[in-house]
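For the sequence shown, the UniProt record's numbering gives the first residue as 59, with consecutive numbering after it. Backbone N, C-alpha and C define an ideal beta-carbon position, used for all residues, glycine too.
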Amino acid sequence: AQVSVFEGPETRVWKVRAKVLKGPSTSIKNHPDTYLAPTIRLKKGQKVRIHLNNNLPAHSILHWHGLHVPANMDGNPMYAVSHGESYIYEFEILNRAGTYWYHAHTHSVTARQVYSGLAGLFIVHDDEERALNLPKGEFDLPLVIQDRSFDKNNQLVYSDHMMQRMQGFLGDRIFVNGRPDYVLPVAGQAYRFRLLNGSNSRIYKLAWSDGSKMTVIGTDGGLLERPKQYSYVMLAPGERIELWADFSGRSVGSEISMRSLSFDIATHGHGGMGMMGGGRGMMGGGRRGMMGGGMGMMHSSDLPSGSEYSLFNVKVIKAGKSSQSLPERLSTIPKLNVRDAANNKDPRTIRLSMRHMSALLNGRSYKMDDVRDDEIIPVNSLQVIEFDNGYSGMSGMPMPHPMHLHGEQFQIIKRQVNPKSREAHRTIAGGLVWGGWKDTVLVMPGEKVTVLKPFNDFKGLFMYHCHNLEHEDMGMMRDFLIK
Ligand code: C2O
Ligand code: CU
Ligand code: CU
Numbered sequence: 059a060q061v062s063v064f065e066g067p068e069t070r071v072w073k074v075r076a077k078v079l080k081g082p083s084t085s086i087k088n089h090p091d092t093y094l095a096p097t098i099r100l101k102k103g104q105k106v107r108i109h110l111n112n113n114l115p116a117h118s119i120l121h122w123h124g125l126h127v128p129a130n131m132d133g134n135p136m137y138a139v140s141h142g143e144s145y146i147y148e149f150e151i152l153n154r155a156g157t158y159w160y161h162a163h164t165h166s167v168t169a170r171q172v173y174s175g176l177a178g179l180f181i182v183h184d185d186e187e188r189a190l191n192l193p194k195g196e197f198d199l200p201l202v203i204q205d206r207s208f209d210k211n212n213q214l215v216y217s218d219h220m221m222q223r224m225q226g227f228l229g230d231r232i233f234v235n236g237r238p239d240y241v242l243p244v245a246g247q248a249y250r251f252r253l254l255n256g257s258n259s260r261i262y263k264l265a266w267s268d269g270s271k272m273t274v275i276g277t278d279g280g281l282l283e284r285p286k287q288y289s290y291v292m293l294a295p296g297e298r299i300e301l302w303a304d305f306s307g308r309s310v311g312s313e314i315s316m317r318s319l320s321f322d323i324a325t326h327g328h329g330g331m332g333m334m335g336g337g338r339g340m341m342g343g344g345r346r347g348m349m350g351g352g353m354g355m356m357h358s359s360d361l362p363s364g365s366e367y368s369l370f371n372v373k374v375i376k377a378g379k380s381s382q383s384l385p386e387r388l389s390t391i392p393k394l395n396v397r398d399a400a401n402n403k404d405p406r407t408i409r410l411s412m413r414h415m416s417a418l419l420n421g422r423s424y425k426m427d428d429v430r431d432d433e434i435i436p437v438n439s440l441q442v443i444e445f446d447n448g449y450s451g452m453s454g455m456p457m458p459h460p461m462h463l464h465g466e467q468f469q470i471i472k473r474q475v476n477p478k479s480r481e482a483h484r485t486i487a488g489g490l491v492w493g494g495w496k497d498t499v500l501v502m503p504g505e506k507v508t509v510l511k512p513f514n515d516f517k518g519l520f521m522y523h524c525h526n527l528e529h530e531d532m533g534m535m536r537d538f539l540i541k
């Protein structure tokens with residue numbers, strides 16, 4: 059596929075390749091070519107026209123994750139084009155500055171296409187952000203974190219056998235910006251790191267290796283009101299986090315790494331499928347955590363989600379300009395109020411469940427253009443939406459689900475945890491970021507998360523789905539009809 063972006067008189071053509079011919083090796087380190095699609099940077103208020111020319115031997119469509127665009131520009135799978143065809147997008151950037159992204163959204167093959175390289179960053183700038191004088195240029199660094207597996211011929215390996223789809227594909231190695239064993243050379247000064255979890259299903263519990271606090275300045279929908287310190291931050295597939303990373307106090311030659319710490323990915327004694335075995339949830343386990351006894355038809359990755367491992371290293375290679383100071387106040391975020399919601403007495407509940415080898419939303423699986431009464435939302439209304447992942451009843455196999463809503467960004471207003479899941483939940487709770495605009499929210503087993511979301515400006519179909527891409531492809535996706 060090829061994406062060309064027209065902004066004003068200037069035309070830039072970026073090629074987006076969806077097939078990796080050569081896998082990464084250590085020699086690729088300084089090579090600009092990776093399987094990852096290029097970063098598109100635009101300003102709020104700009105109008106863009108994007109041509110998706112599909113040269114893949116398959117149908118495909120691109121979605122602009124986190125952007126508020128009209129329904130026919132949103133990459134609904136119904137707009138997929140086949141080989142040799144094009145789809146022309148035209149929209150205005152209405153979003154505030156932030157780290158958004160784009161990726162394939164093709165019916166039942168989204169996971170495979172994203173994994174193969176059809177995903178890249180879409181960074182938006184605006185005047186409010188510019189006035190803050192945050193680190194720019196080479197000090198404003200996107201870091202796309204993904205896991206991949208390669209075979210001995212250095213070719214991408216993807217498998218979506220049933221059991222793999224149930225938990226989501228997990229690769230054996232961590233890639234940053236499309237490269238393995240990533241070492242980031244930095245100067246001893248402040249940086250803005252924009253982290254995207256572009257993995258199909260892997261959830262990260264991010265922390266600095268030396269235990270120093272992480273300073274979070276932004277989330278899915280741009281900057282927070284104020285920087286906030288965390289010992290660790292959870293980052294589920296589809297989510298972004300922006301960090302202020304100041305290396306000015308570190309000596310030249312020193313190294314620090316970003317790690318993923320261990321956590322409980324599933325709850326205990328809460329399963330309904332009788333394949334949990336005892337003890338830890340099926341996804342917990344050590345290396346090659348098995349999917350429960352007797353189901354030896356597959357093993358999961360060498361790098362189970364929920365185990366501890368390193369993501370990338372940062373190496374201070376030279377002194378930098380010292381003491382750039384982090385603004386105390388970054389932005390003003392209007393606080394949405396439940397009382398203003400059109401359905402404030404009757405929240406829309408979306409029950410998440412996995413059973414009988416299917417992943418469902420309110421017991422339904424994805425069908426194109428199949429909107430039910432409870433999926434119709436009046437345009438220009440604010441809505442209370444609850445994601446219930448086995449909080450108020452059995453949900454089958456306990457799994458975390460990063461839930462994503464297309465269209466405008468939302469705010470998280472409440473998290474409730476079933477008593478049975480509290481112990482597991484404690485291993486992640488300190489890393490859940492509140493307070494900013496979000497488009498994807500991690501809903502752990504036994505949890506119910508309530509969000510407030512505006513549905514302004516555009517009518518039509520807007521998707522809601524799990525951003526574990528294997529779950530999405532299994533049908534854990536539906537449309538809202540805004541009218
Ligand atoms: Cu990032 Cu509908 O997806
Ligand atoms: Cu999206
Ligand atoms: Cu899911």
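Q | H529: first and last residue of the uninterrupted beta strand (DSSP E) it sits in | A | It is not in any beta strand (DSSP E) - H529 instead sits in the alpha helix (DSSP H) that spans L527 to M532.
Q: Check whether the Cβ of M461 sits closer than 7 Å to any heavy atom of ligand 1, and report yes or no.
A: Answer for M461: no, Cβ out of range of ligand 1.
Q) Are the CB atoms of L281 and E386 nearer to each other than 8 Å? A) If you check the CB distance, L281 and E386 do not come in under 8 Å.
Q. From P135 to E300, what distance separates their C-alpha atoms?
A. Going by the C-alpha atoms only, they are around 30 Å apart.
Q | T325 versus P503 - alpha carbon distance | A | Only weak support is given to the placement of T325: the predicted model assigns it a pLDDT of 47, under 50, and the question is left unresolved by the model.
Q. According to DSSP, is G178 helix, strand or coil?
A. Of the three classes helix, strand and coil, the one that applies to G178 here is strand, per DSSP.
**Q.** Top-ranked residue by Cα proximity to I391, from H123, H462, Y145 and R154
**A.** It is R154.
Q: Give the C-beta separation of F370 and S315 to the nearest angstrom, bearing in mind that I take them to be a contact with Cβ-Cβ under 8 Å.
A: Contact between F370 and S315 holds: CB atoms are separated by about 7 Å, below the 8 Å threshold.
Q: Within the same chain, show all residues whose beta-carbon is closer than 6 Å to that of F197, passing over the 5 residues directly before and after it, in chain order.
A: Around F197: Y249.
Q) Taking the beta strand (DSSP E) that R536 falls in, what are its first and last residues? A) Note, R536: beta strand (DSSP E), M535 to I540.
Q. Rounded to a whole number of angstroms, what is the C-alpha to C-alpha distance between N395 and K517?
A. So the two alpha carbons sit approximately 23 Å from each other.
Q: Could you round the C-beta distance between L418 and M534 to whole angstroms and report it? I think they count as a contact, below 8 Å.
A: Rounded, the Cβ-Cβ distance is 7 Å, consistent with contact.
(Q) I'd like the list of long-range same chain contacts for S320, defined as Cβ closer than 8 Å, with 5 residues on each side in sequence excluded. (A) Closer than 8 Å at Cβ, skipping near neighbours: K263, G364, S365, E366 and T485.
**Q.** Beta-carbon proximity check, G489 vs M292, cutoff 8 Å
**A.** Yes, Cβ-Cβ distance for G489 and M292 is below 8 Å.
Q: Measure the alpha-carbon distance for D398 versus L125 and round it to whole angstroms.
A: When rounded, the distance between both Cα atoms is 23 Å.
Q) Cβ atoms of N255 and G296: under 8 Å apart, would you say? A) Taking 8 Å as the Cβ cut-off, G296 and N255 qualify as a contacting pair.
Q. What are the start and end residues of each continuous alpha helix (DSSP H) run of 4 or more residues lying completely inside the stretch 273-305, in chain order?
A. For the stretch 273-305, not a single whole alpha helix (DSSP H) run of length 4 or above is found.
Q: Kindly examine ligand 2 and report whether one of its heavy atoms sits closer than 7 Å to the Cβ of D278.
A: No, the Cβ of D278 stays beyond 7 Å of every heavy atom of ligand 2.
Q | Pairwise C-alpha distance: S359 and S368 | A | S368 and S359: Cα-Cα distance of roughly 15 Å.
(Q) Below 8 Å on the Cβ atoms is my contact criterion, and I expect L388 with P458 to pass it. Report the Cβ-Cβ distance as a whole number of Å. (A) Between L388 and P458 a beta carbon distance of about 29 Å is seen, past the 8 Å cut, so the two are scored as non-contacting.
Q) Can you tell me the Cα-Cα spacing of I375 and S309, whole angstroms? A) Using only the alpha carbons, I get a separation of about 9 Å.
Q. Taking the alpha carbon of F208 as the point to measure from, which residue in G195, L201, P238 and Q222 has its own alpha carbon closest?
A. A check of alpha carbon separations from F208 across G195, L201, P238 and Q222 identifies P238 as the nearest.
Q | Range covered by the beta strand (DSSP E) that runs through D205 | A | Per DSSP, D205 belongs to the beta strand (DSSP E) from D198 to R206.
(Q) Cutting at 6 Å between CB atoms, please list the residues of its own chain near Y240, excluding the five before and the five after it. (A) Only V234 and F370 meet the Cβ criterion.
Q: Would you identify the three-state DSSP class for M457, choosing helix, strand or coil?
A: When DSSP states are grouped into helix, strand and coil, M457 belongs to the coil group.
Q. How far does the alpha helix (DSSP H) with V172 in it reach, from first residue to last?
A. Going by DSSP, V172 is part of the alpha helix (DSSP H) stretching over T168 to Y173.
Q) Can you tell me whether S447 is buried or exposed, with buried defined as 16 or more other CB within 10 angstroms of its CB? A) The question names Ser, but residue 447 is Asn in the sequence shown. Of the residues assessed, N447 falls on the buried side of the cut-off, its CB having 16 or more other CB atoms within 10 angstroms.
Q) Tell me which same chain residues have a C-beta within less than 7 Å of the C-beta of L510, skipping the five on either side of it? A) These residues qualify, in order along the chain: L394, V396, A399, L440, V442, F468, Q469 and I471.
**Q.** 8 Å Cβ shell around L527 - same chain, five flanking residues per side excluded
**A.** Leaving aside the five residues that flank L527 on each side, the residues in its chain whose CB is nearer than 8 Å to its CB run, in chain order, T168, A169, V172, Y173, G226, F227, N258, S259 and P295.
Q) Cβ of M521 within 7 Å of any heavy atom in ligand 1? A) Yes, the Cβ of M521 comes within 7 Å of a heavy atom of ligand 1.
Q: Consider the C-beta atom of H161 and the heavy atoms of ligand 1; say whether any pair is separated by less than 7 Å.
A: At least one heavy atom of ligand 1 lies closer than 7 Å to the C-beta of H161.
(Q) Here's the rule: buried if 16 or more other CB atoms are within 10 angstroms of the residue's CB, otherwise exposed. What is I146? (A) Result: exposed.
Q. Going by the beta-carbon positions, is the gap between Q287 and T277 smaller than 8 Å?
A. Cβ distance not < 8 Å, so Q287 and T277 don't count as in contact.
Q) Who are the Cβ neighbours of S267 in its own chain at under 8 Å, not counting the five residues just before and after it? A) Closer than 8 Å at the Cβ level, and outside the excluded window around S267, lie I314, S315, M316, R317 and S368.
**Q.** Residues near R413 by beta carbon distance below 6 Å, same chain, minus five either side
**A.** Cβ within range, chain order: G454.
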